[in-house]
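Colleague: Okay, here's the structure, questions in a sec.
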Amino acid sequence: MHNPSAVTPDAPAAIPMPLLTQEWLDLAFVHWAVEPSVVAGLMPSGTVPDTHEGLTYVGLVAFRMHRVGWFRLPGIPYFGSFPETNVRLYSVDAHGRRGVVFRSMDASRLLPVVLGRVGFRLPYLWSRMTVRSEGDTVTYTSTRRWPGPRGARSRISVRTGERIHEPTPLEHFLTARWGMHNMFFGGAAYLPNDHPRWPLHRARLVSCDEDLVASAGIPAPTDAPVSVLYSPGVPVRLGRPARPVTTAPAVP
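Letter 167 of the sequence shown, counting from 1, is numbered 167 in this note's numbering, and no numbers are missing.
Below, the structure is given as structure tokens:
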């Protein structure tokens, strides 16, 4: 049993030979606090909710995926670039590795959706999506097509503010996540990533009309989000899945 690793704004280890490369651009991070017991049953085998000051979080993260590529090959310009909106939770495993757990991953390109579902067992869903900017306001829309629940939707508008020069501990906790936990073939495993330190901005939630959180099996938020952030984005490298997670740590 290991204690959770420290939350660090920089990746703990570089990935010299990536499995995938991509860029995450124009990101809106919207988060609500929840009790760990509310989402504990949604964690992959060998993980429990990660907590900050006794609470865990549900994230609705909308962005543009740009030029996904395999290994060191150039990113694919059309099929590798598309809007995406994720519902995610926060996890820690018996090795102390902190990560995220994706409950849904709506994307607008069918081929990456199929590859993500079949090749990585990720909860990708095909949706009709747009990302539009007007001045300092960015609007993300999504309407689900397949596999369902058909019609699950979101429309999020954020107004970007000043650059954050020193993020708070909570802002680091929500954004500096250097891997994901998922049920890959052969059992639960950890897929690491690395990227430059996030350039983060304060943001104001102009509007949020969504049912993606409830469609992902999480109680729909009833309160205002506790954190709204924006980032212009970062280039990202994803490594190969690490050794399986076999034993869950004690619930924090």
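Even glycine gets a Cβ: it sits at the ideal position worked out from N, Cα and C.
How many Å lie between R64 and S37 at the Cα?
Modeller: Straight-line Cα distance between these residues: approximately 32 Å.
Colleague: At the level of alpha carbons, what is the spacing between G116 and A203?
Modeller: 30 Å
Colleague: Compute the Euclidean distance between the alpha carbons of P192 and R132, then round it to the nearest angstrom.
Modeller: 30 Å
Colleague: Pick out whichever of R197, R177, W198 and P199 has its Cα sitting closest to the Cα of Y190.
Modeller: Of the candidates R197, R177, W198 and P199, R177 places its Cα closest to the Cα of Y190.
Colleague: Please report how far the alpha carbon of P4 lies from the alpha carbon of H95, in whole angstroms.
Modeller: 8 Å
Colleague: Can you tell me where the beta strand (DSSP E) holding V87 begins and where it ends?
Modeller: Taken as a continuous stretch (DSSP letters only), the beta strand (DSSP E) holding V87 covers F82 to D93.
Colleague: Using the DSSP secondary-structure output, state which residues sit across from H201 in a beta bridge.
Modeller: Per DSSP, R163 and Y230.
Colleague: Which residue's Cα is closest to the Cα of P221: H66, S91 and V39?
Modeller: V39
Colleague: Is the region 82 to 93 close to the region 54 to 62, with three or more CB pairs under 8 Å?
Modeller: yes
Colleague: Please state whether the Cβ-Cβ distance between S127 and E210 is less than 7 Å.
Modeller: no
Colleague: Is the Cβ-Cβ distance between H172 and V7 less than 7 Å?
Modeller: yes
Colleague: Take I164 and list the residues in its own chain whose beta-carbon comes closer than 8 Å to its own, dropping the five residues that flank it on each side.
Modeller: E171, L200, H201, R202 and L229
Colleague: Check the DSSP bridge columns for G69 and list the partner residues they point to.
Modeller: The partner list for G69 (beta bridge, DSSP) reads T21.
Colleague: Measuring CA to CA, which of E162, D136 and Y124 is closest to R144?
Modeller: Measuring from the Cα of R144, the nearest candidate turns out to be Y124.
Colleague: Within the same chain, show all residues whose beta-carbon is closer than 7 Å to that of D10, passing over the 5 residues directly before and after it, in chain order.
Modeller: R197
Colleague: If you compare alpha carbons, which of P167, H195 and F120 is closest to P12?
Modeller: H195
Colleague: In angstroms with no decimal places, state the Cα-to-Cα distance between M1 and E23.
Modeller: Interpretation of M1 is limited by its pLDDT of 41, a score under 50 that renders its predicted location unreliable; the figure taken from the coordinates is listed afterwards. Cα to Cα, M1 sits roughly 34 Å from E23.
Colleague: Rounded to the nearest angstrom, what separates M129 and G151 at their Cα positions?
Modeller: 12 Å
Colleague: Measure the Cβ-Cβ separation of H31 and S227 and say whether it is below 7 Å.
Modeller: yes
Colleague: R213 to F102, Cα distance in whole Å?
Modeller: The residue asked about is misnamed: residue 213 is Val in this sequence, not Arg. Distance between the alpha carbons of V213 and F102: 11 Å.
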